[in-house]
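J.: Chains as they are written, first to last, in the working numbering: chain W, 358 to 453; chain R, 358 to 453; chain S, 358 to 453; chain E, 358 to 453; chain X, 358 to 453; chain G, 358 to 453; chain P, 358 to 453.
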């Protein structure tokens, strides 16, 4: 089963704590909003601007990214895979 | 009886739990907003941008899509068919 | 007496329950916002976009349409005719 | 004394109940927002769009119009004439 | 001392009750927002539109205008002159 | 140490009561929002409009200006100099 | 590990009190919002304007900047480095 995001939406797989340690992101326990790490699974065509131009997303499949913790909508397939659908603007940075 | 959506609106038929299992989407029971699955029945001409351009929708008839659970307006025909009218932006992804 | 709507406004006649049955729309009694059925009596020239373009309405006189139940402003002529003035964006779909 | 409205503003004279009956508008006593009838006395040059274009108003002096009851700002001259200054978008329709 | 308003701001001198009677505006004691009368002292260059165009104000020095009573910021010079700085959009009409 | 404001931001030095008297602005004790007087120390490049044009600020270094009393962010250097960073739109007028 | 901000986002390292004294910014203890000092570590490609133009950021790597104290999202690497991801508009000024 494939999930193709629409517009400026991005499908990601949230990386669990172990992955997080491997790629080196540690999220400090503070009062600030904390981002989470995820891997890009699929990208939409991009946001439609008022000029009619479609702005292709900056991120691409397999990018590892940081996003705001409370962003997005959770979906999961019958195979038990869980994903999150974000808007591109919810993604803060690409990490490598 | 035909229902032709206007502008960026999309007419969909919500898929019931059985369909949902067949296409493999399982919606986890979490605090996050949960999307629902639907099939596209008819599409509007698209959103009118400030430039005057009409942006044709990305989705087409027969696409299966995910949309935000509390989106849209319910209508049903005298034949007992129930539909939902969404805005294209309420649709998160096409599934296949 | 004639009523000519301005801009993106649309003059409609709300169809009563009998008409509603004939055209086949049945509105289920649910928690969702319910649309109503109406016939277009007159249309404005359309919305003025920021580019200066006037966007002609998609609907035309005699179209039967669905609109959000709490939309619009009621007017009635001395002949006892009651109408509603809607904005085009309050109209969800054309039915036929 | 003359009052020249600015931008998209329109100067109107509200028509009293008698005029209202003559032109045939009867405002039903319902829960919906009720429009009032008025005659256009003077119009501004029109709204300035972001493109810099000035959009001339659709209404002209002597038009009879319907507007939202709680719209506008009341002014009256020393001769005892009372007027209302509306924005063009507060005007719903021209009647004839 | 000179005060040059910036952008779409306008410097006005509020006219007192006596001036108001001479120019013939009488403000009725109603529940509606009441405008006040003022004379234009200086005008800004105008509003900068998103297109980059600067839209020169419709009003000019010495115009007598009506403006919303609670609009603007009061300033006064050491000579005891009191002024108000308005945005052009707060000005409803020019009177003559 | 130099502070260079970004975008449409403006660095000002608030003028104390004595300066205020010399330049002749007296702020009446009323219920209205009161502006304060300041001198421009540095200006940003200007606001970026949606068209991509950068709109250079109307004010320049050494201008004396009036601004809304509760606007801006205070900073001060180790030499004990205190400044305020405003947005250009917070500045009401240039005085001379 | 590298963190590449997206769009108009900027990655900064907040400078501690000692650095702050060296560069000469002293933040007074007042009721006003206080900015903090930081060094730019990485910049996004810039904001996408409605015209489709990408507006490159005004700041560059190694710039020392002032930003609003409660802005941004904290992240830290496993090496123990703590960073903040800001939007360019949260940055008030470059200091030197």
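Cβ coordinates follow ideal geometry from the N, Cα and C atoms, glycine included.
A quick note: this is a predicted structure, and the numbers were derived from the prediction, not measured.
(1) Check residue 407 of chain R in the structure and name its three-state DSSP category.
(2) CB-CB under 8 Å to residue 370 of chain X, same chain, minus the five flanking residues each way: which ones, in chain order?
(3) DSSP beta-bridge partners for residue 392 of chain E?
(4) What residues match up with residue 362 of chain S in a beta bridge as DSSP calls it?
(5) For residue 405 of chain P, which of W/445, W/421, W/393 and W/361 has the nearest alpha-carbon?
(6) Are the Cβ atoms of residue 367 of chain W and residue 360 of chain P separated by less than 9 Å?
(7) Which chain E residues sit within Cβ distance under 9 Å of residue 428 of chain X?
(8) So does residue 391 of chain S have its beta carbon nearer than 8 Å to some heavy atom of the ligand MN?
(9) Taking the alpha carbon of residue 363 of chain P as the point to measure from, which residue in P/425, P/411 and P/422 has its own alpha carbon closest?
(10) From the DSSP output, in three-state form, read off residue 345 of chain S for me.
(11) Please check if any C-beta of chain P sits within less than 9 Å of the C-beta of residue 453 of chain W.
(12) Quick one: residues in its chain with C-beta nearer than 8 Å to the C-beta of residue 403 of chain W, no 5 flanking neighbours on either side, listed in chain order?
(13) Tell me whether residue 445 of chain P sits in a helix, a strand or coil according to DSSP, three-state version.
(14) Cβ of residue 422 of chain S within 9 Å of Cβ of residue 449 of chain S?
(15) Can you tell me whether DSSP reads residue 435 of chain R as helix, strand or coil?
(16) In whole angstroms, give me the CA-to-CA distance for residue 392 of chain X and residue 434 of chain E.
(17) In three-state DSSP terms, what is residue 368 of chain S?
(18) Does the Cβ of residue 420 of chain G have 16 or more other Cβ atoms within 10 Å, making it buried, or fewer, making it exposed?
(19) Using a Cβ-Cβ distance cut-off of 9 Å, determine whether residue 363 of chain W contacts chain P.
(20) Below 9 Å on C-beta distance, what does residue 359 of chain X contact in chain G?
(21) Is the separation between the beta-carbon of residue 400 of chain R and that of residue 416 of chain R shorter than 9 Å?
(22) Secondary structure at residue 378 of chain R, three-state DSSP: helix, strand or coil?
(23) Please decide whether residue 402 of chain E counts as near chain X, where near means a Cβ-Cβ distance under 9 Å.
(24) Could you give the distance in angstroms between the alpha-carbon of residue 430 of chain E and the alpha-carbon of residue 372 of chain E?
(25) Name, please, each residue of chain E whose Cβ falls closer than 9 Å to the Cβ of residue 395 of chain S.
(26) Please return the same chain residues whose Cβ sits closer than 7 Å to the Cβ of residue 426 of chain R, not counting the five positions on each side in sequence.
(27) Would you mind telling me which residues of chain E sit closer than 7 Å to residue 409 of chain S, beta carbon to beta carbon, in chain order?
(28) Could you name the residues of chain S that residue 448 of chain E contacts, counting a contact when the two beta carbons are closer than 7 Å?
(29) Would you verify that the beta carbon of residue 372 of chain W is, or is not, closer than 9 Å to some beta carbon of chain R?
(30) Which residues in chain W have a C-beta closer than 8 Å to the C-beta of residue 416 of chain R? List them in chain order.
(31) Tell me which residues share the same chain as residue 447 of chain S and place their Cβ nearer than 7 Å to its Cβ, disregarding the 5 neighbours each side in the sequence.
(32) Are the CB atoms of residue 407 of chain W and residue 325 of chain P within a distance shorter than 9 Å?
(33) Which chain G residues are close to residue 442 of chain X, counting only those with a beta carbon under 7 Å from its beta carbon?
(34) Taking only beta-carbon atoms, is residue 387 of chain R less than 9 Å away from chain W?
T.: Working from what's here:
(1) coil
(2) 395, 396, 398, 438, 439, 440 and 441
(3) Bridge partners of residue 392 of chain E: E/425.
(4) E/450
(5) W/445
(6) no
(7) Result: empty, since nearest Cβ-Cβ is about 11 Å, beyond 9 Å.
(8) This structure does not include the ligand MN; it has no bound ligands of any sort.
(9) Nearest of P/425, P/411 and P/422 to residue 363 of chain P, Cα basis: P/411.
(10) Because chain S in this structure spans residues 358 to 453, residue 345 of chain S falls outside the shown range and cannot be described.
(11) yes
(12) 364, 365, 411, 412, 413, 414 and 445
(13) helix
(14) Going by beta carbons, residue 422 of chain S and residue 449 of chain S fall inside the 9 Å limit.
(15) If DSSP states are grouped into helix, strand and coil, residue 435 of chain R belongs with coil.
(16) 12 Å
(17) strand
(18) buried
(19) Chain P, which has no Cβ nearer than 9 Å to the Cβ of residue 363 of chain W, makes this no.
(20) Going along chain G in sequence order, the residues near residue 359 of chain X (Cβ under 9 Å) are 451, 452 and 453.
(21) It is a contact, given that the beta carbons lie within the stated cut-off.
(22) With a pLDDT of 45 at residue 378 of chain R, under the threshold of 50, the modelled position of this residue cannot be trusted; read the value that follows with caution. The answer is helix: DSSP assigns residue 378 of chain R an H, G or I state.
(23) yes
(24) 16 Å
(25) Here the premise fails: no neighbours, minimum Cβ distance about 14 Å.
(26) 390, 391, 392 and 393
(27) 406, 408, 410 and 412
(28) 363
(29) With 9 Å as the cut-off, residue 372 of chain W does not count as an interface residue toward chain R.
(30) Result: 363.
(31) 424, 425, 428 and 429
(32) With chain P covering 358 to 453 only, the question about residue 325 of chain P has no answer from this structure.
(33) The answer, in chain order, is 449 and 450.
(34) At residue 387 of chain R the pLDDT is 48, less than 50, meaning the model places this residue with poor confidence and gives no usable figure here.
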